[in-house]
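Residue numbers (UniProt numbering), protein chains in the order written: chain U, 1 to 181; chain W, 1 to 818.
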Amino acid sequence: MLAGSTAILLLVCGLIAFAFLKRRPASPAKRVWIVGAGLVFPITVLTALLAYGLVIGERLLPRQSSDLVRVSAESSQWRWVFGYDGGGRRTYDALHIPAGRPVDVVLTTADVIHAFWVPRLGGKMDAVPGRQNVLRIEADRPGIYAGVCAEYCGIGHARHGFRVVAHDAAGWQAFSAGDRP
Amino acid sequence: MNALRRHRDLARIWDSPPGWRGALASVNHSQLGIRLILTAFIFFLIGGILAMLIRAQLATPGSAFAGPDVYNQLFTMHGSIMMFLFAIPMFEGFAIYMLPKMLGSRDFAFPRITAYGWWCYLFGGSLLIIAMLAGLAPDSGWFMYTPLSSKPYSPGINSDFWLLGITFVEISAIVTAVDIVVSILKVRAPGMSLDKMPLFAWYMLVTAGMMLIGFPPLILGSVLLELERAFGWPFFDAARGGDSLLWQHLFWLFGHPEVYIIFLPAAGVISTILPVMARTKILGYGWIVGAILALGFLSFGLWVHHMFTVGIPHMALAFFSAASTLVAIPTAVQIFAWIGTLWSGRPQLRMPMLYLIGFFVTFVMGGLTGVMVAVVPFDWQAHDSAFVTAHLHYVLVGGFVFPMFAAAYYWLAHFTGRQRQYRLGTLAFWLIFVGFNMTFFLMHLVGLLGQPRRIDTYPEGIGWTFYNLLSSVGSFVLAFGIALFVIDISLQFFHAPRSRRNPWRAGTLEWGMSLPPPSYNIGSIPHVESRDPLEDDPRLAHRLAAGKGYLSEPRRGWRETMAVDIVTGRADHILVVPGNTMLPIVTALVTGAFFVLMLLKFYWLTPLPLAGMAWLGWRWAAALGRKEDVGPLPIRGEETALTHAEVEDPPGWWGSAFLLAADATFFGALLFGYAYLWTIAPNWPPPRLMEASLLTLGLGLLGAGVASAARHRPAAQREGLGLAGTAAMLIALTLSAFFAPPPTEHAYNAALGVMFGYAGFHVFVALLAQLFVLRRRRAGYHSAARRAEPRIAQLWTDYAAGVTAIVLTASHVPALMA
Ligand code: HEM
Ligand SMILES: [Cu+2]
């Protein structure tokens with residue numbers, strides 16, 4: 001996408017610069033400019049892009065999977081409460097997940113709109129009053145990932161961050177069994 | 001009559017009286033246009049200073065320059081000022097100044113409305129600045145998401161300043177849009193058919209049309225949110241059946257078209273300047289008109305793309321994603337028509353052209369990043385990060401500020417009558433261009449690194465510091481460039497030598513007058529034969545001044561200009577526009593009193609300014625009209641035409657029709673909200689429905705039918721039936737409202753309350769209009785020839801009847817069925 005964009009940008013700049021040259025080939029016909037460059041060219045590029053986006057988007061959607069883990073995230077001004085096993089177990093401002101397994105995060109809010117975003121683990125989703133949104137994330141390897149609140153939520157917005165701790169299989173066992181990691 | 005006599009007579013009729021009284025009472029479009037431009041530019045500078053403060057804060061990690069409370073006010077005010085108080089009024093002012101001159105007319109269709117629009121803008125904008133100086137500026141972001149902006153989370157007066165101040169300014173935008181649409185459609189030089197209109201007029205026609213459809217949803221949203229904040233009507237409170245997403249829908253229904261509303265006038269400027277700079281004609285006039293219409297249409301299908309992360313089903317997202325990429329096509333048509341124009345001519349690198357090149361580079365980049373965020377998975381990543389801030393500035397600064405600076409240099413001679421002399425401008429351009437790209441290109445990168453937008457600070461050691469510091473340095477280079485621009489322009493106002501006529505040898509009519517133009521623009525009105533009248537006849541300016549066109553003989557002290565048939569441009573009638581009056585400023589002050597009382601929470605006093613506005617509206621209409629028929633009058637040689645008072649559909653009728661079209665979108669958005677809450681919001685159904693009654697419903701429908709059908713009867717009967725029908729509607733609405741459950745209990749009740757209030761308001765307006773017609777007929781203002789007033793009143797009555805019928809049906813029928 002980046003390379004394509006750069007190419008288009010350069011193309012447009014080049015065409016403009018060329019127009020200022022004293023000696024240049026005669027201008028192509030109106031049809032070439034408007035139908036060729038104005039219609040056919042963007043339609044081709046955009047169709048390809050759209051298809052690509054749809055396919056990737058479908059792949060990112062929450063889907064049934066046998067080793068799926070489900071956690072809940074309740075956001076509030078300015079704290080994150082994560083729940084496991086149907087809410088039996090809670091952690092604050094740090095979300096624990098197993099690495100290498102898909103995780104569904106069920107997002108709710110206690111007050112205003114917030115958004116859950118861990119840049120290195122995938123997309124973001126809003127937590128909207130009166131609703132539950134589900135976001136699928138997956139960490140490829142164990143580690144600690146920084147997360148932020150990505151919807152402006154008032155005075156504490158910049159500091160409304162959290163951590164995601166991705167455990168290896170043994171660590172996840174231990175965490176699930178109730179040990180403090 | 002020689003040219004000098006004509007000039008003296010016309011100037012006596014059209015000039016504003018000297019002194020401050022004249023300044024307050026002026027309705028002259030050139031003066032008002034310049035005032036709008038200057039006011040908007042001052043707001044641009046204020047918004048720019050706020051941007052500098054933002055960048056100063058973000059330059060270093062953990063900066064203690066501004067705390068989060070101040071920072072939140074800074075970016076909220078920066079965004080709101082730039083979008084509402086700078087961009088829109090700026091192009092409105094430009095259009096108000098330029099359109100009549102390009103279209104070969106002497107003024108806009110509704111000069112008093114032009115003045116009222118400017119006063120409302122000035123007062124509403126000042127409210128926001130006062131709030132800021134008092135440290136009470138809005139702080140919920142320029143899109144004011146609920147529930148953050150609702151009472152529990154924003155208890156202060158800050159959000160009220162936004163809701164009321166912006167609504168005040170939006171009123172000005174709506175009435176100005178009506179003014180623009182009707183002036184373009186009706187008030188042109190004879191012979192100028194739609195396909196001979198300068199392209200800029202096409203752009204403004206579509207823009208103003210989009211404003212009529214795009215702004216009402218935001219006004220509705222603001223009204224609802226203010227009702228929730230002031231009286232606890234829970235439209236956006238999920239616990240009581242409201243939905244915060246309703247606000248997002250209403251806001252982006254406005255907010256997305258808004259971006260195109262800002263871009264289109266700038267594109268109009270480009271399509272006007274570019275061919276002149278390339279010494280050729282624009283390539284593909286018809287294609288461009290098609291592209292503008294397509295853009296206007298498509299932009300209303302896109303609002304959901306601002307809501308990709310709120311949890312909407314993926315297939316729906318795919319639809320909006322496709323629609324979002326679709327708008328790139330008409331944009332591409334325009335860009336390549338422009339490049340083709342450059343190629344087919346001999347472009348010269350003059351000052352305006354320099355800014356146009358700046359536009360091309362930045363805007364194309366903004367467009368490409370725009371296509372990226374339209375792809376859903378990418379947006380999940382980039383949404384609400386600094387990447388989006390960068391994207392929106394490439395589009396807005398590239399697509400609006402650069403073309404406007406090009407316009408400043410291109411038309412400066414028109415405003416000042418002087419030619420450019422100093423060379424500071426080139427340096428200013430390079431500073432602006434380099435500074436801008438430095439500021440915002442880096443913000444793409446740091447956004448991809450994960451920096452969210454709207455954060456007042458960030459920690460050290462995560463790799464953001466370097467980008468932010470450089471970006472801030474860039475913004476100060478940019479600021480320096482803008483300061484140089486201001487100096488350059490001001491020097492030309494005061495010191496440069498006089499310009500000759502038509503310095504760029506352009507073909508459009510605005511250059512066919514002496515510079516700076518007199519208050520009446522042209523001594524006589526041309527007959528237009530092509531798209532470039534000045535090219536056909538380089539001596540046109542002299543011939544017009546010598547009275548070789550239409551309406552060359554001033555008469556009766558009237559301000560006359562020609563009105564034409566919409567499509568063919570055939571001379572239709574003489575439009576006599578009202579002269580200077582205090583009504584606009586007084587009405588704007590009374591309107592402002594309403595908003596200030598709301599702000600101060602003196603709700604019980606608000607009926608006072610409302611009654612004042614009804615009275616002023618009456619005076620406004622009563623100042624027009626005549627008690628005798630004058631018949632056809634000579635307009636040129638042997639040709640004659642009637643005055644607007646004696647034709648079927650004068651501009652006043654069209655004005656009402658377009659105002660009602662905007663009103664109808666407001667109503668449509670209200671019905672959408674009602675249906676949306678009912679079907680999608682959590683915590684429905686409501687605890688109880690209203691007490692429906694077939695009798696009340698029947699009475700209201702009957703009244704609506706009678707009031708509307710009365711049109712076919714002779715005057716006296718029509719008035720009687722109309723009043724009876726209107727009274728019946730009023731009773732039915734009052735009864736319904738009386739038997740509805742209290743509005744604070746549930747969003748259902750609150751929605752009903754607003755619907756009854758809306759219908760009641762229009763029935764009341766219809767009542768006033770009918771009483772007005774009755775009085776005027778008795779006073780001798782109507783005749784077989786002078787028949788427009790009853791027709792206009794009927795328009796308002798029909799609208800009230802339609803609204804009442806729909807509101808009563810939508811409220812009673814679901815309750816009856818339950
Ligand atoms: C003149 C130079 C400008 C600079 C240096 C500048 C800088 C900025 C910065 C740094 C932000 C991000 C604030 C944040 O997210 O924390 C911002 C936001 C914004 N700017 Fe500008 N800006 C400029 C001009 C403009 C113009 C001309 C417009 C519109 C016509 C504009 C419209 C906006 C909007 C709508 C926002 C979003 C505000 C919000 O998040 O509520 N800016 N600007
Ligand atoms: Cu938050």
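Beta carbons are placed, not taken as given, at the ideal position from N, Cα and C, and that holds for glycine.
By the criterion of at least three beta-carbon pairs nearer than 8 Å, the segment 673-687 of chain W is in contact with the segment 229-246 of chain W. For Ser75 of chain U, the Cβ falls inside the 7 Å cut-off from some heavy atom of ligand 2. For Phe400 of chain W, the distance from the CB to the nearest heavy atom of ligand 1 is below 7 Å. Shown in chain order are the residues whose CB sits closer than 5 Å to a heavy atom of ligand 2: U:His114, U:Cys149, U:Cys153, U:His160. Scanning its chain for C-beta atoms nearer than 7 Å, with the 5 sequence neighbours on each side dropped, one finds around Leu283 of chain W the residues Ala337, Gly340, Thr341, Ser344, in chain order. For Gly117 of chain W, same chain residues with a beta-carbon under 6 Å away, outside a window of 5 residues either side, are Ser172, Val175, Thr176 in chain order.
Residue environment for Val40 of chain U: exposed (fewer than 16 other C-beta atoms within 10 angstroms of its C-beta). The segment 432-439 of chain W and the segment 111-131 of chain U do not touch, with fewer than 3 CB-CB distances between them shorter than 8 Å. Fully contained in the segment 616-700 of chain W are the following alpha helix (DSSP H) runs of length 4 or more, in chain order: 651-680.
For Arg454 of chain W, at least one C-beta of chain U is nearer than 8 Å to its own C-beta. Under the DSSP assignment, Tyr550 of chain W falls outside any alpha helix (DSSP H); it carries neither an H nor an E label. Interface with chain U (8 Å Cβ-Cβ cutoff): Ser472 of chain W is excluded. The three-state secondary structure of Ser324 of chain W, taken from DSSP, is helix. Each residue's CA atom was taken as its position, placing Gly178 of chain U and Ser154 of chain W some 40 Å apart. For Ser76 of chain U, there are no neighbours in chain W by C-beta distance under 9 Å, as the nearest C-beta there is about 11 Å away. Leu250 of chain W sits away from Leu293 of chain W, with the two beta carbons spaced by 8 Å or more.
In the DSSP annotation of this structure, Arg5 of chain W is not part of any beta strand (DSSP E); the continuous alpha helix (DSSP H) holding it starts and ends at 3-14. Residue side-chain check: Ala428 of chain W keeps its Cβ at 7 Å or more from all non-hydrogen atoms of ligand 1. Beta-carbon to beta-carbon, Arg454 of chain W and Tyr152 of chain U are separated by about 4 Å, close enough to satisfy the 8 Å threshold. The beta carbon of Met132 of chain W sits no closer than 7 Å to any heavy atom of ligand 1. Three or more beta-carbon pairs separated by less than 8 Å link the segment 69-84 of chain U to the segment 93-109 of chain U, which places the two stretches in contact.
Placement of the Cβ of Leu478 of chain W at a distance of less than 7 Å from at least one heavy atom of ligand 1 is found.
For the segment 139-151 of chain W, the set of residues with a beta-carbon nearer than 7 Å to any beta-carbon of chain U comprises Gly141, Tyr145, Pro147, Leu148, in chain order. Leu85 of chain W is positioned such that its CB atom lies no closer than 8 Å to that of Phe123 of chain W. Annotation: Phe20 of chain U to Met372 of chain W spans about 30 Å, alpha carbon to alpha carbon. According to the DSSP secondary-structure assignment, Ile144 of chain U is paired through a beta bridge with U:Val165. Checking the DSSP bridge columns, you'll see Asp126 of chain U partnered with U:Ala115. The beta carbon of Phe336 of chain W falls within 8 Å of a beta carbon belonging to chain U, placing the residue at that interface. For Val473 of chain W, the shortest separation between its Cβ and any heavy atom of ligand 1 does not lie below 7 Å. Around Asp629 of chain W, the same chain offers Glu646, Ser783, Ala785, Arg786 as residues with beta carbons nearer than 7 Å, after the five sequence neighbours per side are excluded.
For the segment 106-138 of chain U, residues whose beta-carbon sits nearer than 7 Å to a beta-carbon of chain W comprise Asp111, Val112, Ile113, Ala115, Pro119, Gly123, Lys124, Met125, Asp126, Val128, Pro129, Gly130, Arg131, Asn133. The residues His391, Val395, in chain order, have a CB closer than 7 Å to that of Gly370 of chain W in the same chain once the five nearest residues on each side in sequence are set aside. Put simply, of W:Thr39, W:Arg106, W:Phe75 the residue whose alpha carbon is nearest the alpha carbon of Tyr520 of chain W is W:Arg106.
Taking the Cα of Ala408 of chain W as reference, the smallest distance to any Cα among W:Tyr145, W:Met98, W:Asp243 is reached at W:Met98. CA-to-CA, the gap between Met365 of chain W and Val473 of chain W works out to about 21 Å. His96 of chain U has its Cβ no nearer than 7 Å to any heavy atom of ligand 1.
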